[in-house]
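Visitor: Going by UniProt numbering, the sequence shown opens with residue 1, and the numbers climb by one from there.
Just so you know, even glycine gets a beta-carbon here, dropped at the ideal spot from N, CA and C.
Just so you know, these numbers come straight off a predicted model, no measurement behind them.
Sending over a structure as C-alpha cells; questions will come in a sec.
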Amino acid sequence: MAEQVSKEEGNKDSEECKEVKKEDLEATHLHGENKQESIPDCPVCLQAYTLPVKLKCGHIFCFLCIKGVAFRSRRCALCRQDVDLKYFDHPEIVHFEAKTSGDEGHEESSEDTDRYQWYYEGRNGWWQYEESSSAELEKAHKDGKRSCELLIAGFLYFVDFDNMIQFRKTEPGRRRRIKRDVMDAEKKGVAGLRLGNQRSDTAQSVANDTTNNRPTSAEANPTVDLRNIQRLVIGSANGGDGGDSDGQTPQHANRNN
Numbered sequence: 001m002a003e004q005v006s007k008e009e010g011n012k013d014s015e016e017c018k019e020v021k022k023e024d025l026e027a028t029h030l031h032g033e034n035k036q037e038s039i040p041d042c043p044v045c046l047q048a049y050t051l052p053v054k055l056k057c058g059h060i061f062c063f064l065c066i067k068g069v070a071f072r073s074r075r076c077a078l079c080r081q082d083v084d085l086k087y088f089d090h091p092e093i094v095h096f097e098a099k100t101s102g103d104e105g106h107e108e109s110s111e112d113t114d115r116y117q118w119y120y121e122g123r124n125g126w127w128q129y130e131e132s133s134s135a136e137l138e139k140a141h142k143d144g145k146r147s148c149e150l151l152i153a154g155f156l157y158f159v160d161f162d163n164m165i166q167f168r169k170t171e172p173g174r175r176r177r178i179k180r181d182v183m184d185a186e187k188k189g190v191a192g193l194r195l196g197n198q199r200s201d202t203a204q205s206v207a208n209d210t211t212n213n214r215p216t217s218a219e220a221n222p223t224v225d226l227r228n229i230q231r232l233v234i235g236s237a238n239g240g241d242g243g244d245s246d247g248q249t250p251q252h253a254n255r256n257n
C-alpha cells in the first residue's frame, strides 16, 4: 500500500514537472518573440540601446557606452579588438525598429520631455543631451532640485541648476553651460553625434560667410592704391603740387591741356 501511494505521488510530481517545463518553454518562446520586436540590450549598460553604433569588428553598443570604454582601453568591450578614436568622429549608426506594447505609456510619461530638451554648450553651438540623460535632468528640474549627477560615457558629471553649468567631478575647472530649450532648437547633434542636416546647414552658413566676406575689387587689388601713391611721390619729387584729385601728376595734366 505504501509503495502504491509513493508511486502515485511520484507520478503527480512528474506531471507537475512536465507542466512547469511546458510553461517555461512557452514563456521563453514569448520572451524571444518580444525580444525580437523590441530594441536589444547593450552589452555594456545592459539596457535598451540608445544611439546604437556598430564598430568595425561588428559589435554594437550605445554610442556613449563604447565611447567611454574606448577612451579608457581603446579596445572593443567584447572581442578586445583595437578601436581607433577617430572612429567616433564618423561612427556607423544602427537603426532598430522598436515594437513594444509599452510604447504608448512611455510616450505619455515623456510628453514633457518631447516638448523640452536639455542642451550643453559645445564649440560653435549646442549639443542635445542623450534621451535618458535629458529625462533625468528634466525630472530633477521639476522636482526643484538645485543640482544632480549624471553618468555619461563612464564619467560622473555634476549639474548645477542655479548657475546652469555642468562639469566632471574629477575636473571641476572645466565647465560648460547648459540650457533647457524646445525640442526643435538649433543644435549640432545629440551627445556628440552630428546630425546630417546640421552639417549641411553649417556648410551653407560657411559658404554664405565666405560670399559676404569676399573682398571688394579695391581690397583684392591693393596695388592700384600703391601705384597712385607712387605717382604722388614722383610728382612731388619733380616739383609738382602733389597731383590732382584723380591721382594724375601735373605732367599728365599739362599734356591733356
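1. From the DSSP output, in three-state form, read off I93 for me.
2. Does DSSP put R177 in a helix, in a strand, or in coil?
3. Provide the residue span of the alpha helix (DSSP H) that contains R123, from first to last.
4. Determine the direct distance from the alpha carbon of L150 to that of K139, and round the result to whole angstroms.
5. State the beta-bridge partners of N117 as determined by DSSP.
6. Assess, as a yes-or-no matter, whether the segment 58-66 is touched by the segment 158-176 under the definition of 3 or more beta carbon pairs within less than 8 Å.
7. Contact between the segment 115-124 and the segment 174-193 is defined here as three or more beta-carbon pairs at a separation below 8 Å; is this criterion met?
8. With I39 as the anchor, note down where its alpha helix (DSSP H) starts and where it stops.
9. Terminal residues of the continuous beta strand (DSSP E) containing L151?
10. DSSP state of D84, grouped into three classes?
11. Determine the DSSP secondary structure at G189, reduced to helix, strand or coil.
12. Checking the sheet assignment: what are the DSSP bridge partners for P52?
13. Going by beta carbon distance, what residues of the same chain come within less than 7 Å of Q81, once the five residues before and after it are set aside?
14. Taking the alpha-carbon positions, what's the F158 to R168 distance?
15. Once the 5 residues before and after S134 are set aside, which same chain residues still bring their CB inside 8 Å of it?
16. Measuring only the C-alpha atoms, how far is E136 from D84?
17. Straight-line CA distance for E186 to E130?
18. When you compare only the Cα positions, how much space is there between D181 and V94?
19. Within its chain, find whatever has a CB closer than 6 Å to the CB of V224; leave out the 5 residues flanking it on each side and keep chain order.
20. If you run the structure through DSSP and keep just helix, strand and coil, what is T28?
21. Tell me whether V159 sits in a helix, a strand or coil according to DSSP, three-state version.
Guide: According to the data block:
1. strand
2. strand
3. No alpha helix (DSSP H) holds R123; DSSP gives it neither H nor E.
4. Each residue's Cα considered, the two are about 12 Å apart.
5. Note on residue identity: the sequence assigns Gln, not Asn, to residue 117. Its beta-bridge partners are D181.
6. no
7. The segment 115-124 makes contact with the segment 174-193; the number of CB pairs closer than 8 Å reaches 3 or more.
8. The continuous stretches of alpha helix (DSSP H) do not include I39, and DSSP gives it neither H nor E.
9. 147-152
10. coil
11. strand
12. C62
13. C57, R75
14. 6 Å
15. T113, Q117, W118, Q128.
16. 31 Å
17. 15 Å
18. 27 Å
19. Below a pLDDT of 50, predicted positions are generally treated as unreliable, and V224, at 44, falls in that range; the measurement from the model is reported next regardless. Contacts found: none.
20. Below a pLDDT of 50, predicted positions are generally treated as unreliable, and T28, at 37, falls in that range; no measurement from the model is reported.
21. strand
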